[in-house]
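*Asks:*
Number of protein chains: 2
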Amino acid sequence: MNDVATHAGVSLGTVSNVLNRPSQVRPELIARVRSSIAELGFSRNNAARSLAAGHSRTVGFVMVDLTNSYFVDMARGAEEVLREAEMFLVLANSDIKESTQIDYLDHFTQEQAAGILLTPVGGHLDGMEHARSHGRPVVIVDNDPHQTDSCSVSTDNVQSGFLAAQHLIDIGRKRLAFAGGPRSYPAIADRLAGARAAVDKAEGVTLEYIGSDEVQAPQGLVIGHDLAERDRRSLPDGIIAAADLLALGLLQGLISRSNIRFPDDLALIACDDNRSAYDSLVPISTVELPGVEMGRASAQLLLEEIRSPDQHTHRRVILEPRLVARESTIGRPRMGAERDVARPA
Amino acid sequence: MNDVATHAGVSLGTVSNVLNRPSQVRPELIARVRSSIAELGFSRNNAARSLAAGHSRTVGFVMVDLTNSYFVDMARGAEEVLREAEMFLVLANSDIKESTQIDYLDHFTQEQAAGILLTPVGGHLDGMEHARSHGRPVVIVDNDPHQTDSCSVSTDNVQSGFLAAQHLIDIGRKRLAFAGGPRSYPAIADRLAGARAAVDKAEGVTLEYIGSDEVQAPQGLVIGHDLAERDRRSLPDGIIAAADLLALGLLQGLISRSNIRFPDDLALIACDDNRSAYDSLVPISTVELPGVEMGRASAQLLLEEIRSPDQHTHRRVILEPRLVARESTIGRPRMGAERDVARPA
DNA sequence: TTGTAAGCGTTATCAT
DNA sequence: ATGATAACGCTTACAA
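If you read the protein sequences in the order shown, they are chains A and B.
Note that the first sequence ends on residue 357 in our numbering; no numbers are left out.
Note that the second sequence ends on residue 357 in our numbering; no numbers are left out.
Printed below as a string of structure tokens:
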């Protein structure tokens, strides 16, 4: 920047002003400085900026699972609002390891990050306090810690389960099942509770619980295979899967080992939407989590705290999920002359 | 750090030495300083470190596609070797947008990143030169620019296609098809060329090309549906899919609309492994890209250039893919008494 | 409106 | 082995 000043024949301060407060500089000088910058190929030094300013223009996002589109959507949402604020979002993969999460939290703290977004591994907030105590605002995402001195943005999992079950009830299903576990995981427990609430509210509808120790595709496949063995009368006519990969596996397990048709014989709906799983066979209905909106909301809360740390008061934002009905519950859109899917014979 | 020095009753320089060169400090003082650090809850300021040192200890990875496990594997591999070197890896999502890629490249440059890893969007290297000219080492990943002043790490796509086709030939398939496009995409063209090479080398084996404008699941589904319409004699007995999601769609399209059995009637193998797609139905054979190894290799090249910028000479590393035979080509492992899969009637 | 100069918290180079 | 001290390149008063 010194070189630029010399080259443009102005002082260091003026160059800084051109960069940060151009309105306070004579147009003529602005032009001169700008052309010097271009000519010299000058690039600002953020280390120096951060040191002088006391914080960087970077927000760090410590993420649990990069391969899940839900989280990537959050990153997109957050990036969008940060970009408007002329800040950058960088990601760190905690890879579901608590110690890695702490490492990155510390790293962003040392980097003087403007703020930190955190999807806590298994709800663990360790390391967050350290970041806060060093002046780094933190927003908890996809997790509602109920009790904490940070803002948080999460989704209403009870509502997810409720919407899913209600949808099945609305299309006339009576014998529902909720598939997925473990129930010790709050998100799962909440969804189950929501489903139960919807069922209890309805007349003559039952809810069966089918557990699993994870909610990935393989567990779904196993459940699907098990269901395929059942005699038809004991089969549920509507299933709520705790997660979409589980639903995907379940669907495939059932289709490959039975003649059960979706949604005619069985309607299937998932909670949570990892889009990568849906481009196939029978598009699965889902209660979609508002990933992008969550990202936006968290970035906004973060910006608020960054800009006015004093008058800022923490908030817990809970966003509502949205029902997306697809073929697995409402069947094919009636247009065109395509053959039915999932009807092998 | 000044506070620590005062608190421990030593000089600033000594604190710095305890942190960076403890071997040159008397054990007694080390202990004293360390306990002061703990007591004061001191956290280093990386902005200051980077400013003084001329570079940070952070490597930036500008990634095209976060939701693909292939790239996330690279991040894991790179992270592993960087961690040993006491450096950090942070990720930026270019989201397949060239302008975003450039933005992040500039950002990491300004941040004085120790180095940059780049999976170029559509092979575009714009912005890289700028980073280099400002002293930031860059390693190109998953792309072989043949001509450039950077190290690069890529996979041998021709070999991918070759291995896939050879595997089908080895298990006795004669009428092969290669599915996927567009051929203007180098990775696809190379895989096709490799497949062709294997076919040409074999006796009495033919290769059909089935194009598509993308290699995602929906295109696979369409191809699968089309194939289901064919009369059985004109059907290939072995298919190489240009990418795994394409293969997944293809498999599902075929299973849902025909009685074709895998691998009995048709053997299916994919190039490229996005693991998220494989936990289902018929596990699909694939020619796996060595994501983790690529990440490790790129980080190593980067470290080399970071540590000795002068005597460093650029290298192009090309890693070999690996055949992973699964059920879609070699059938079920013969153990246990499980029913056959994919045999609806 | 523009220039001057004092930090920001380290690293690294000197003496000691 | 330790203590001073000069950069590092910017931001931000404050002075002109």
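We treat Cβ as the ideally placed atom computed from N, Cα and C, and that holds for glycine.
Predicted model only: the values in this text are computed from it and were never measured.
Check for me: the alpha helix (DSSP H) holding residue 111/A runs from which residue to which?
*Replies:* 110-122 is the extent of the alpha helix (DSSP H) around residue 111/A.
*Asks:* Determine the closest residue to residue 370/A out of 128/A, 31/A, 223/A, 225/A, with distance taken between C-alpha atoms.
*Replies:* Lying before the first or after the last residue shown, residue 370/A is absent from chain A, which here runs from 13 to 357.
*Asks:* Sorted by chain position, which residues of the same chain lie with C-beta nearer than 6 Å to residue 131/B's C-beta, five sequence neighbours on each side aside?
*Replies:* Same-chain partners within the cutoff: 75, 76, 153, 154.
*Asks:* Have a look at residue 284/A and residue 199/A and give me their C-alpha separation to the nearest angstrom.
*Replies:* Rounded to the nearest angstrom, the two C-alpha atoms are 10 Å apart.
*Asks:* Please state if the CB of residue 267/B and the CB of residue 293/B are separated by a distance shorter than 9 Å.
*Replies:* Closer than 9 Å, so yes.
*Asks:* With 16 as the cutoff for other CB atoms within 10 Å, does residue 119/A come out buried or exposed?
*Replies:* So residue 119/A counts as buried.
*Asks:* Using the beta-carbon count (16 or more within 10 Å), is residue 243/B buried or exposed?
*Replies:* Residue 243/B comes out exposed.
*Asks:* Please confirm if residue 18/A has its CB atom under 9 Å from at least one CB of chain B.
*Replies:* No, because no Cβ of chain B sits closer than 9 Å to the Cβ of residue 18/A.
*Asks:* DSSP on residue 166/B, reduced to helix/strand/coil?
*Replies:* It is a strand residue.
*Asks:* Determine, using beta carbons only, whether residue 137/A and residue 157/A come nearer to each other than 9 Å.
*Replies:* Yes, the Cβ-Cβ distance between residue 137/A and residue 157/A is below 9 Å.
*Asks:* If the cut is a Cβ gap below 9 Å, which residues of chain A does residue 100/B touch?
*Replies:* The contacting residues are 104, 115, 116, 119, 123.
*Asks:* Go ahead and pull the three-state DSSP assignment for residue 267/A.
*Replies:* Three-state result, residue 267/A: helix.
*Asks:* Can you confirm whether the segment 222-242 of chain B touches the segment 256-265 of chain B when touching is taken to mean that 3 or more C-beta pairs between the two stretches lie within less than 8 Å?
*Replies:* The segment 256-265 of chain B vs the segment 222-242 of chain B: in contact.
*Asks:* What residues in its chain sit with their C-beta under 6 Å from that of residue 67/B, if we drop five residues either side in the sequence?
*Replies:* Hits under 6 Å: 124, 126.
*Asks:* Just mark residue 91/A as buried or exposed, buried being the case when its beta carbon has 16 or more other beta carbons within 10 Å.
*Replies:* Answer is buried; the Cβ neighbour count reaches 16.
*Asks:* Inspect the CB distances between the segment 78-98 of chain B and the segment 297-316 of chain B and report whether three or more fall short of 8 Å.
*Replies:* As far as the Cβ criterion goes, the segment 78-98 of chain B touches the segment 297-316 of chain B, which means the pair count is three or higher.
*Asks:* Could one say the Cβ of residue 264/B lies closer than 9 Å to chain A's Cβ atoms, at least one of them?
*Replies:* Chain A, which has a Cβ nearer than 9 Å to the Cβ of residue 264/B, makes this yes.
*Asks:* Starting from the Cα of residue 212/A, find the closest Cα among 188/A, 227/A, 279/A and give me that residue.
*Replies:* Closest by alpha carbon: 188/A.
*Asks:* Cβ closer than 9 Å: which chain A residues qualify as neighbours of residue 53/B?
*Replies:* Residues of chain A passing the Cβ test: 142, 145, 146.
*Asks:* Opposite residue 220/A in the DSSP bridges: which residues?
*Replies:* BP columns for residue 220/A point to 189/A.
*Asks:* Taking a cut of 8 Å between CB atoms, which residues from the segment 21-43 of chain B lie near chain A?
*Replies:* Residues passing the 8 Å Cβ filter: none.
*Asks:* If we count the other Cβ atoms within 10 Å of its Cβ and call it buried at 16 or more, is residue 330/A buried or exposed?
*Replies:* Exposed is the call here.
*Asks:* Against residue 57/A, what residues of chain B qualify as contacts under a CB-to-CB distance less than 8 Å, listed in chain order?
*Replies:* Those within 8 Å of residue 57/A in chain B are 63, 122, 124.
*Asks:* For residue 335/B, which residues of its own chain have a beta-carbon under 6 Å away from its beta-carbon, when the five flanking residues on both sides are left out?
*Replies:* Answer for residue 335/B: 175, 179, 299, listed in chain order.
*Asks:* Would you call the CB atoms of residue 184/B and residue 206/B closer than 9 Å?
*Replies:* Not a contact, by the Cβ cut-off of 9 Å.
*Asks:* Given residue 356/A, which residues of its chain have a CB within under 6 Å of its CB, disregarding the five upstream and five downstream residues?
*Replies:* Note on residue 356/A: pLDDT 32, under 50, position unreliable in the model; no value is reported.
*Asks:* Roughly how far, in whole angstroms, is the beta-carbon of residue 73/B from the beta-carbon of residue 101/B, given that I think they are within contact range, below 8 Å?
*Replies:* With 8 Å as the limit, residue 73/B and residue 101/B qualify as a contact, their Cβ atoms being about 6 Å apart.
*Asks:* Any residues in the segment 66-84 of chain A with a beta carbon nearer than 8 Å to a beta carbon of chain B? Which ones, in chain order?
*Replies:* Result list: 68, 70, 72, 78, 79, 80, 81, 84.
*Asks:* Residue 247/B to residue 193/B, Cα distance in whole Å?
*Replies:* One C-alpha to the other measures close to 19 Å.
*Asks:* Quick one: Cα of residue 140/B to Cα of residue 13/A, how far?
*Replies:* Approximately 22 Å, taken between the alpha carbons.
*Asks:* Give me whichever residues DSSP pairs with residue 70/A in a beta bridge.
*Replies:* Partner(s): 100/A.
*Asks:* Does residue 348/A have its Cβ less than 9 Å from a Cβ in chain B?
*Replies:* Low per-residue confidence applies at residue 348/A: pLDDT is 40, beneath 50, and the placement is therefore not dependable enough to give any value.
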